[in-house]
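A short write-up of the structure that comes next.
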Amino acid sequence: MTDTRAHFHGELADLEQTLLNVADQAEQMVQMAVEAVCLPDMDLAAQVVRLDVKIDQTYLDVHNRWMQLMALQQPMAGDLRMMSVLLHLNTTLERMGDQCVNIAKMAQVTYGLPRSETIIAHLREMGDLVRPMIRTGVEALVRRDLDEARLLPAMDEPVDRLNRNMYKEVVECGPDPELLEWATRMMLVARALERIGDQVVDIAEQTAFLLTGDLMEFNDDAFSGGQPLGG
Amino acid sequence: METRTQTDKTVDLTKEEVRTPSFDVSSLAGQGDPMLAQNPVMIDVRGLHVYYGDFLAVKNVDMPIRQNEITSLIGPSGCGKSTVLRCFNRMNDLIETARVEGVIEYHGVNLYGDSVDPVEVRRRVGMVFQKPNPFPKPIYDNIAFGPRIAGWNGKMDDLVEESLRRAALWDEVKDKLHESAYALSGGQQQRLCIARAIATSPDVVLMDEPCSALDPIATLKIEELMLDLKKDYTIIIVTHNMQQAARVSDRTAFFSVDVSERGRTGYLVEFARTQDIFTKPEKKQTEDYITGRFG
Chain A
420 MTDTRAHFHG
430 ELADLEQTLL
440 NVADQAEQMV
450 QMAVEAVCLP
460 DMDLAAQVVR
470 LDVKIDQTYL
480 DVHNRWMQLM
490 ALQQPMAGDL
500 RMMSVLLHLN
510 TTLERMGDQC
520 VNIAKMAQVT
530 YGLPRSETII
540 AHLREMGDLV
550 RPMIRTGVEA
560 LVRRDLDEAR
570 LLPAMDEPVD
580 RLNRNMYKEV
590 VECGPDPELL
600 EWATRMMLVA
610 RALERIGDQV
620 VDIAEQTAFL
630 LTGDLMEFND
640 DAFSGGQPLG
650 G
Chain B
778 METRTQTDKT
788 VDLTKEEVRT
798 PSFDVSSLAG
808 QGDPMLAQNP
818 VMIDVRGLHV
828 YYGDFLAVKN
838 VDMPIRQNEI
848 TSLIGPSGCG
858 KSTVLRCFNR
868 MNDLIETARV
878 EGVIEYHGVN
888 LYGDSVDPVE
898 VRRRVGMVFQ
908 KPNPFPKPIY
918 DNIAFGPRIA
928 GWNGKMDDLV
938 EESLRRAALW
948 DEVKDKLHES
958 AYALSGGQQQ
968 RLCIARAIAT
978 SPDVVLMDEP
988 CSALDPIATL
998 KIEELMLDLK
1008 KDYTIIIVTH
1018 NMQQAARVSD
1028 RTAFFSVDVS
1038 ERGRTGYLVE
1048 FARTQDIFTK
1058 PEKKQTEDYI
1068 TGRFG
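Taken in sequence, the protein lines are chains A and B. For the first sequence, my numbering assigns the number 420 to the initial residue and increments by one for each residue that follows. For the second sequence, my numbering assigns the number 778 to the initial residue and increments by one for each residue that follows.
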């Protein structure tokens, strides 16, 4: 087969690769941010903040390249869907970076406070669940694999459950005001990890859109099928 | 769900009749956007094969063309899209060896039925060509020519004005109606040809690459005009410009071509709503063509 738009398709592939690299970086940042909280380690926290500056720069660069491709190449059909996915992915990854920064900042503001080992164990568990989600979400996109994309809601479910239970664990940290302050901040860490899990599910929904042309909401009840959005 | 409800209009294609224009000359008011999904089928193509002598030029086309819609035919050179277009007003009759199999129904009447008069078909199904081809006559006479031949005896001035207004040309030519059409620009000449086509009150207008000889501004004017005209007419356009098909048409037919030692035979790959063809075509062949992966 001859590709009569080889240059455009090359640029599209480059743009996708740039974002896949950002996704790898986001996965690494999640690990660093969780460790920064759990150890705690202030150097790691500072590194997360620095890495996010790079993600933000890439976000702007990708946006500019995306605008140029859209204006100059007028992509259609599968190419158009890929463009839509890349725009969405760019925003989602930038927000994931921001959530990692939120976690890192909690490490910084709680440094020196007393801690609950139960909560720390649960935050580590959440981190260990979210990172493979990012890997699976990215692989599903790279391989154009709808079945793999549909694994994500089930992977996200225990993350949601741990986040919901965090409230109870925080309450149990009373009446020590310092421990309670630390635990309250950790609730925000759990919330940030839960949001990252949801963002990976969004990426999987985008992969499904790329492959089927239908934007699906992968809700918990229907993760094997998906519900088309908007009726 | 695609239904093939036909128009309920009864037509007689057996002879020429003197007709008043189907539109109200006194009013230019638009009629609003038609409900696309409910538009009845005006031209129903079923199992169409077109031959030139023994050679099969286009095979097996099924395509319901809906009233008050713009349908675009796209595809690579030699895929038969112009051949199919020319079946709709029996222009292929002018080629001695051309032969059509299958059915093309217009308001439920077979266009290739024995009693059908091709001249009457061409009055009802107007055509605009790739290159503007005004008659070597004044602007006014270009419009009046068809109605005069058809024996129309209403107020010719009103008909000329209304036709030119509908073709978005009136304001540019109203002060030089008796000057030669050749003095107009290419874009104006093409709009004059559209005005000439609608002066005989057809309900279908065929356009064969109507903008390929025009500059971008003139092209956009024709496209805007098409969107205005579809309130009153059914338009079928052949275009090589995929963006044009995407911009103006409601439905798109993608044709491709089989190459064998006997020659090139065109066929319909996919016929669907334009928004689906350009965002999520069903056939890989359509996807490959639209995204430039073919050869």
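For each residue, glycine too, the CB sits at the ideal point set by N, CA and C. Please read these numbers as outputs of a predicted model, since none were measured by experiment.
Within chain B, the residues whose beta carbon sits less than 7 Å from that of Asp422 of chain A are Gly1069 and Arg1070, listed in sequence order.
Within the stretch 968-1021 of chain B, the complete beta strand (DSSP E) runs of at least 3 residues fall at 981-985 and 1011-1015.
In the same chain as Ala611 of chain A, and ignoring 5 residues on each side of it, the C-beta atoms closer than 6 Å to its own belong to Gln518, Asn521 and Ile522, in chain order.
Annotated three-state conformation of Asp918 of chain B is helix, per DSSP. Counting only runs that start and end inside the stretch 840-874 of chain B, the beta strand (DSSP E) elements of at least 3 residues fall at 847-851. The C-alpha of Leu833 of chain B is placed about 8 Å away from the C-alpha of Gly1043 of chain B. Ranking A:Tyr586, A:Ala432 and A:Glu454 by CA distance to the CA of Met525 of chain A puts A:Glu454 first. Going by C-alpha positions, Leu862 of chain B is about 8 Å away from Ile1014 of chain B. Less than 8 Å separates the beta-carbon of Val893 of chain B from that of Thr791 of chain B. Annotated three-state conformation of Thr1042 of chain B is strand, per DSSP. At a cut-off of 8 Å between beta-carbon atoms, Ala490 of chain A makes no contact with chain B.
DSSP, reduced to helix, strand and coil, places Asp821 of chain B within a strand of the structure shown.
In the same chain as Leu488 of chain A, and ignoring 5 residues on each side of it, the C-beta atoms closer than 8 Å to its own belong to Phe427, Glu430, Leu431, Leu434, Pro494 and Met502, in chain order. Residue pairing by DSSP places Val905 of chain B opposite B:Met984 in a beta bridge. Under the 8 Å criterion on CB atoms, Gln493 of chain A is classed as interfacial with respect to chain B.
Straight-line measurement puts the Cα of Ile820 of chain B at about 11 Å from the Cα of Val902 of chain B.
Considering only beta carbons, the part of the stretch 495-527 of chain A lying closer than 8 Å to chain B consists of Met495, Ala496, Gly497, Asp498, Leu499 and Arg500, in chain order.
By the C-beta criterion, the stretch 997-1014 of chain B is judged not to be in contact with the stretch 459-474 of chain A, since fewer than 3 inter-stretch pairs fall below 8 Å. Those residues of the stretch 1038-1063 of chain B placed with their C-beta closer than 7 Å to a C-beta in chain A are Phe1055, Thr1056, Lys1057 and Pro1058, ordered along the chain. Between the stretch 1054-1064 of chain B and the stretch 858-874 of chain B, the count of Cβ pairs shorter than 8 Å is below three; the stretches do not touch. In this structure, the beta-carbon distance from Ala927 of chain B to Arg900 of chain B falls below 8 Å.
Between Val590 of chain A and Thr603 of chain A a beta carbon distance of about 10 Å is seen, past the 8 Å cut, so the two are scored as non-contacting. Under DSSP, the beta-bridge partners assigned to Ala1049 of chain B are B:Thr1029. Nearest neighbour of Trp601 of chain A by Cα position, chosen from A:Val481, A:Thr537 and A:Val441, turns out to be A:Thr537. Taking a C-beta cut-off of 8 Å against chain A, the contacting residues of the stretch 1011-1037 of chain B are Met1019, Gln1020 and Ala1023, listed in chain order. The C-beta of Ile553 of chain A has 16 or more other C-beta atoms within 10 Å across all chains shown, which makes the residue buried. Only residues of its own chain outside the window of five on either side were considered, and among them Ala559, Thr626, Ala627, Leu630 and Thr631 have a CB closer than 8 Å to the CB of Leu565 of chain A, listed in chain order. Here Glu544 of chain A has Leu581 as same chain residues with Cβ atoms under 7 Å from its own Cβ, once five neighbours each way along the sequence are excluded. Here Arg876 of chain B has Tyr828 as same chain residues with Cβ atoms under 7 Å from its own Cβ, once five neighbours each way along the sequence are excluded.
Within the DSSP secondary-structure output, Arg876 of chain B pairs in a beta bridge with B:Tyr828. The continuous alpha helix (DSSP H) containing Met574 of chain A extends over residues Leu571 to Val590.
Taking each of A:Cys457, A:Met606, A:Asn440 and A:Leu598 in turn and checking the Cα distance to Lys587 of chain A, the smallest one comes out for A:Met606. For Glu567 of chain A, the closest C-alpha among the options A:Thr555, A:Thr437 and A:Leu508 is that of A:Thr555.
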